[in-house]
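For the sequence shown, the residue numbers in full-length UniProt numbering are 1 to 239.
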Amino acid sequence: MRVAILDDEPAELRRVEQTLRQIPSASEQPWTLHCFERGEDLLRQLRRETFDLLVLDWQLPDLSGLAILRWTREHMEAPPPVIMLTSRDGESDIVQALNSGADDYVSKPFRPNELKARVSAVLRRHGLQKSAATEVLIFNDLTFDDAELTVTRAGSPINLTEREYRLARCLFANLARPLSREYLYERFWTHEEMVSSRPLDTHIYRLRNKLGLTPERGWQLLTIYGYGYRLESVSAATA
1 MRVAILDDEP AELRRVEQTL RQIPSASEQP WTLHCFERGE DLLRQLRRET FDLLVLDWQL
61 PDLSGLAILR WTREHMEAPP PVIMLTSRDG ESDIVQALNS GADDYVSKPF RPNELKARVS
121 AVLRRHGLQK SAATEVLIFN DLTFDDAELT VTRAGSPINL TEREYRLARC LFANLARPLS
181 REYLYERFWT HEEMVSSRPL DTHIYRLRNK LGLTPERGWQ LLTIYGYGYR LESVSAATA
């Protein structure tokens with residue numbers, strides 16, 4: 001999970017960060033948390049990076065959290081869920097934020113357990129946090145089994161490495177959503193492995209071939225120049 005936190009008060013920013021670090025269980029991959037004290041800095045990253053969740057303060061000296069929320073809804077193809085975390089707790093403020101597209105609204109000073117519960121609830125609604133039950137997901141003739149880390153096509157197994165499986169699973173879980181290279185590297189490669197663009201490109205090439213990600217089979221794995229990749233479902237008519 002890749003989360004951006006925006007707050008111009010360093011102490012509050014660290015408190016939110018420490019709270020969110022407690023959400024993943026010991027068996028889950030730790031979340032990657034990116035902290036910002038300026039709205040302009042976060043906006044710059046949103047133009048070139050992918051985040052699964054934004055936690056935004058409202059009042060900042062440069063660009064408000066509400067302005068960033070509205071920008072994501074107006075300019076992003078698949079905007080991430082947003083939780084407003086702010087001391088502005090008037091009814092009109094809450095209504096304005098929710099009407100602008102916020103998924104939830106938490107007032108400061110926040111209670112850590114409540115924030116964790118609200119974050120988890122928002123992620124579940126968006127299908128970004130798995131339940132305790134093992135998932136088997138079907139996309140056309142492809143079946144993903146999270147327990148076995150296997151993919152089959154019409155019952156026939158497709159030979160994938162664990163990393164190839166997890167990368168493919170991520171692409172299918174984010175259909176039509178642009179995913180930045182940095183987002184994918186942070187999730188599936190260690191820092192030592194991120195020395196060039198080749199590992200990701202090589203894995204994308206293999207997945208195209210192994211999974212048949214072509215319009216003839218109903219899929220299109222697009223390269224977004226200067227950004228990353230997007231997997232799309234295409235109809236037979238389009239193909």
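Ideal Cβ placement from N, Cα and C applies to all residues, glycine included.
Remember, it's a predicted structure, so these values are computed and weren't measured experimentally.
Considering only their Cβ atoms, is the gap separating residue j from residue i smaller than 8 Å?
i	j	result
R169	F188	no
L56	M84	yes
P80	F51	yes
R70	S100	yes
L13	E37	yes
L167	H126	no
R230	L179	yes
V151	L211	yes
Using only the alpha-carbon positions, how far apart do residue i and residue j sit?
i	j	result
A239	R206	Because A239 sits at a pLDDT of 43, beneath the cut-off of 50, its placement in the model cannot be relied upon, and the following sentence gives the value as read from the coordinates. Taking the straight line from one Cα to the other gives about 21 Å.
T143	N209	16 Å
T86	H75	23 Å
T32	V3	6 Å
E91	Y225	43 Å
A237	P215	Note that A237 scores a pLDDT of 40, beneath 50, so its modelled location is shaky; the value from the coordinates is reported in the next line. Rounded to the nearest angstrom, the two C-alpha atoms are 10 Å apart.
G155	S27	29 Å
L20	E135	24 Å
S64	W58	5 Å
C35	E9	11 Å
R153	Q129	25 Å
T72	Y105	17 Å
L6	P157	44 Å
P30	P24	6 Å
A11	D89	20 Å
Can you tell me whether residue i is helix, strand or coil according to DSSP?
i	result
S45	Note that residue 45 is Gln in the sequence shown here, rather than Ser. In this structure, Q45 counts as helix in the three-state DSSP scheme.
R14	helix
L6	strand
L128	coil
S120	helix
E40	helix
R21	helix
P112	helix
Cβ of residue i within 7 Å of any heavy atom in the ligand ZN?
i	result
P24	Questions concerning the ligand ZN fall outside what the structure shown contains, since it holds no ligand whatsoever.
Per DSSP, which one or two residues make a beta bridge with residue i?
i	result
R33	A quick correction: the sequence has Leu, not Arg, at residue 33. V3.
What alpha helix (DSSP H) runs, 4 residues minimum, are completely inside the region 48-107? Taking only runs of at least 4 residues, the alpha helix (DSSP H) segments lying wholly in the region 48-107 are 65-75, 91-99.
Would you list, in sequence order, the uninterrupted beta strand (DSSP E) runs of no fewer than 3 residues that lie entirely inside the UniProt domain "OmpR/PhoB-type" (134-233)? 136-139, 142-145, 150-153, 156-158, 219-224, 228-233
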